[in-house]
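Residue numbers (my numbering): 468 to 695.
We put the CB at the ideal spot given by N, CA and C, even for glycine.
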């Protein structure tokens, strides 16, 4: 390889068992050397300083108020936009049961109630998390449930408006269709009543080509014959 990262097992003289180790190496061609730095992987926790990339973590947002945070196994908030440095196991203001569940499940997603500083009441949150045993961290991305379902509520409201518009349009179209059928029939009945009353000059508008138009022409033909 000469260059890159490698993991392996190593046992120092005097030790009883091998331990997991990692090495990063760079090849120095002029002297044909491989210059490397190595450490036991169980010591990663002490070697990595979260301050080096805390701002990068906090810059990731989920929704309007959701955020990413990093928790230590001892309950300390290593990276958090509001309560950074607080140990959840040593205070009573915020719940810590969800942290115990995270440590037990290692990775997955859960819901819990949380009250940010300045909020009057706790609100339900949804979090996706993963445990990093090498660093003894839990990396989590959380968002309030109400914000997650806000697009669905918007879609629901739009759908309700569309359904109402469709129903009203259907009622209007049905009324127009019904009127287009019943009005000529009502007009025809009135003409029949006038004809039955002795008014043989009564006539229908026979301009249509449908069944009502044909009926009107038959009506006019009948009364025209009767009038003659």
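Nearest residue (CA-CA) to residue i, options the options
i           : options               : result
residue 652 : 586, 661, 683 and 609 : 683
residue 599 : 480, 509, 488 and 494 : 509
residue 556 : 538, 546 and 548      : 538
residue 578 : 551, 610 and 552      : 610
residue 468 : 501, 559 and 485      : 501
residue 489 : 473, 646, 499 and 479 : 473
residue 572 : 595, 533 and 558      : 595
residue 601 : 507, 678 and 567      : 507
residue 547 : 475, 559, 527 and 531 : 527
residue 532 : 479, 494, 475 and 608 : 608
residue 671 : 586, 665 and 687      : 687
residue 586 : 560, 685, 569 and 633 : 560
residue 680 : 648, 520 and 665      : 648
residue 487 : 498, 551, 475 and 529 : 475
residue 553 : 536, 568 and 569      : 536
Length of the line joining the Cα atoms of residue i and residue j
i           : j           : result
residue 541 : residue 471 : 33 Å
residue 545 : residue 613 : 26 Å
residue 496 : residue 518 : 35 Å
residue 636 : residue 523 : 53 Å
residue 451 : residue 643 : Summary: the structure shown does not reach residue 451, with the chain confined to residues 468 through 695, and so no result is reported for it.
residue 646 : residue 534 : 60 Å
residue 620 : residue 520 : 36 Å
residue 478 : residue 543 : 33 Å
residue 499 : residue 483 : 34 Å
residue 626 : residue 570 : 41 Å
residue 678 : residue 624 : 44 Å
Residue range of the unbroken beta strand (DSSP E) whose run includes residue i
i           : result
residue 595 : 590–599
residue 580 : 574–581
residue 703 : Coverage of the chain is limited to positions 468 through 695, which leaves residue 703 absent and any answer about it impossible.
residue 546 : 544–546
residue 476 : 471–477
residue 533 : 533–539
residue 556 : From DSSP, residue 556 is part of no beta strand (DSSP E); its letter is neither H nor E.
residue 493 : 486–495
residue 502 : 500–507
Same chain, Cβ closer than 6 Å to residue i, neighbours up to 5 away in sequence not counted
i           : result
residue 597 : 574 and 606
residue 481 : none
residue 491 : 472 and 504
Same chain, Cβ closer than 8 Å to residue i, neighbours up to 5 away in sequence not counted
i           : result
residue 580 : 562, 589, 590, 591 and 592
Cβ neighbours of residue i in the same chain (closer than 7 Å, five flanking residues each side left out)
i           : result
residue 565 : 577 and 579
Extent of the continuous alpha helix (DSSP H) to which residue i belongs
i           : result
residue 525 : 521–525
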